[in-house]
Structure formats: structure tokens, C-alpha cells
Amino acid sequence: MRDYDRRQVLGLMGGAVLLAACSGKGDDAEQTATTTAAADCVLTPSQSEGPFYLDIDKVRRDIREGRPGMPLVVAFKVQQADSCKPLADAAVDIWHCDANGEYSADGATFMRGTQVTDADGNAEFLTVYPGFYQGRTVHIHAKVHLDSRSELTTQVYFDDAVSDAVFATAPYNQRGRRTTRNSDDRIFRNGPQFNVAKDGDGYRGTLTIGVRS
Ligand code: FE
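Per this note's numbering: the sequence shown = residues 199 to 411.
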């Protein structure tokens, strides 16, 4: 864990950086198309923030707080959309529901945290594979802060087949069958999707996040 918080990190950065994709507040927020300028250059579309964001500003890698579930490493690489140049010192927040489909609230902070990108633009979290909740496919929310005013808010999805495999295991299999898959989800559309691979006892989801400055 790093001994400063996100605001302190961002306060050190000067200059205004504009993101191509502005965050929307409604479920039907506008999204930009994903464009590929070169092999790994992407412009990540924004997606709605949803009702469960809390600005808790906790910089930590492990956001589980002891909650059960399939271990999941979430690894982002933040870079410029046009040049693929890695962006250091960006603060990345993630938040998602636990294995039982519940978000932390009322002072609880599980499955929420912030990491700051290193010199190569990398930021990594240790969490559990998210469960599901009514009306949504499996997802993790993410917010990338380039400075105190510029941010990209999005949602990141999983391959349904991987989710099916995870949900066949405990504690996920103590719940009923999920009804909303990626193709049924009205926010999913062209949202970014993790590249997920087995990793030890769990999984590792990687995603390159491209922002325009
Ligand atoms: Fe959500």
C-alpha cells in the first residue's frame, strides 16, 4: 500500500487533461466507439457510473476485506489512446459487488479501492470474481482519474463462459441461476471486456484502458 491518498497524488499533477469520453450519470450514457489506432492502442468507451460509487479514496491493492470468493487479480494498463504511451500516476478506482451480489454500503468498504499507475501505466488489484445482481450482467466499475478534474468512468465485463465456470463453484453456486448475460444487458453494448486467464487458484483479468489527452 502506498502511504498517500488519491487526492494527494492528483494534487501533484499540473495541467488540464481532457478525456475524450465524458462520464455519464444515466444508465443510457453516451458512449464513444472503441477505435483501434494501432495494435494495442484503444480508446476506452465511457459507461454509466451507476448508483453505487462511493468516493472512499482508499489506496490499496487487496480490496476483499476477507470476503469469500474466487480470487481475481484485476490488472489495468492505462495509456494514451492515440500514441499508446503509458500514463503514470493515474489513480484508478474500482468497485463491484461481492460474490453474493451485494455492494458495500453504510460505512462498509469491501470490494472498493484505488491504485495508482506505475511508470508503465500498470495498476493492479486483488479481489474476488464479482457475483451478479438483478438485471445486470457480471461487471466491475472503474474510474480513471488523470488529475483532479479529468476522469473516465466505465464498466468492464467478463466472458460469459468464464462467469458460468466460476458460478458453478462455492459460494456462487448457493444462489439461483443468473438471468442476465452480456447479450441481455442494456448497458453492456460496446463496453470493454477483460481478457481473463486462469491464475493459480483463481483468475487474472487484464485490460488496456486508452484515454485521450
Ligand atoms: Fe454495478
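Even glycine gets a Cβ: it sits at the ideal position worked out from N, Cα and C.
All values derive from a computational prediction rather than experimental measurement.
Specify, as a first and last residue, the run of the alpha helix (DSSP H) that Val354 falls within.
Val354 -> not in any alpha helix (DSSP H); beta strand (DSSP E) instead, spanning Glu349 to Tyr355.
For Thr377, tell me which candidate among Thr242, Lys283 and Ser361 has the shortest Cα-Cα distance.
Comparing Cα-Cα distances from Thr377 to each of Thr242, Lys283 and Ser361, the minimum goes to Ser361.
Under three-state DSSP, which class holds Asn320?
Asn320: strand per DSSP, three-state reduction.
Give me the Cα-Cα distance between Ala321 and Thr312, rounded to the nearest whole angstrom.
Taking the straight line joining both Cα atoms gives about 9 Å.
Using the rule of at least 16 other Cβ atoms within 10 Å of the residue's Cβ for burial, across every protein chain shown, is Gln353 buried or exposed?
Gln353 is buried by the Cβ-count criterion.
In the DSSP assignment, find the unbroken beta strand (DSSP E) run with Phe308 in it and report its ends.
Where Phe308 is concerned, there is no enclosing beta strand (DSSP E), given that its DSSP letter is neither H nor E.
Contact between the segment 240-247 and the segment 292-300: three or more CB pairs below 8 Å?
No: fewer than three Cβ pairs fall under 8 Å.
Using only the alpha-carbon positions, how far apart do Gln229 and Leu350 sit?
With a pLDDT of only 36 at Gln229, under 50, the local geometry of the prediction cannot be trusted, and the value read off the model is given with reservation. Roughly 11 Å between the two C-alpha positions.
Can you give the Cα-Cα distance for Tyr331 and Gly374, rounded to whole angstroms?
Near 11 Å, if we compare the C-alpha coordinates of Gly374 and Tyr331.
Below 8 Å between beta carbons: does that hold for Val326 and Phe356?
The answer is no: Cβ separation not under 8 Å.
Measure from the alpha carbon of Asp296 to the alpha carbon of each residue in Gly305, Arg310 and Leu344, then state which is nearest.
Looking at the Cα atoms, Arg310 is the closest of the given residues.
Confirm the yes/no value for this check: CB of Gly248, any heavy atom of the ligand FE, distance under 7 Å.
Yes, the Cβ of Gly248 comes within 7 Å of a heavy atom of the ligand FE.
Could you check if Arg334 belongs to the surroundings of the ligand FE, using beta carbon to heavy atom distance under 7 Å?
Yes.
Using DSSP with H/G/I as helix, E/B as strand and the rest coil, what is Val257?
In this structure, Val257 counts as strand in the three-state DSSP scheme.
Please go through the same chain and pick out, in chain order, the residues whose beta-carbon is closer than 8 Å to the beta-carbon of Met199, but skip the five residues on each side of it.
Because Met199 sits at a pLDDT of 37, beneath the cut-off of 50, its placement in the model cannot be relied upon, and the point is left open.
For Asp358, which residues of its own chain have a beta-carbon under 6 Å away from its beta-carbon, when the five flanking residues on both sides are left out?
Within the same chain, Asp358 has close Cβ partners Arg379 and Asn380.
What is the DSSP secondary structure of Gln245, reduced to helix, strand or coil?
If DSSP states are grouped into helix, strand and coil, Gln245 belongs with coil.
In whole angstroms, what separates the C-alpha of Arg265 from that of Ala279?
When rounded, the distance between both Cα atoms is 35 Å.
Near Phe386, which residues of its chain fall below 7 Å by C-beta distance, leaving aside the five closest residues on each side in sequence?
Cβ neighbours of Phe386 beyond the five flanking positions: Thr335, Tyr355 and Asn380.
At a threshold of 7 Å, does His343 count as lining the ligand FE (C-beta to nearest heavy atom)?
Every heavy atom of the ligand FE is 7 Å or more from the Cβ of His343, so no.
Measure the alpha-carbon distance for Met268 versus Pro328 and round it to whole angstroms.
Spanning the two alpha carbons is a distance of roughly 9 Å.
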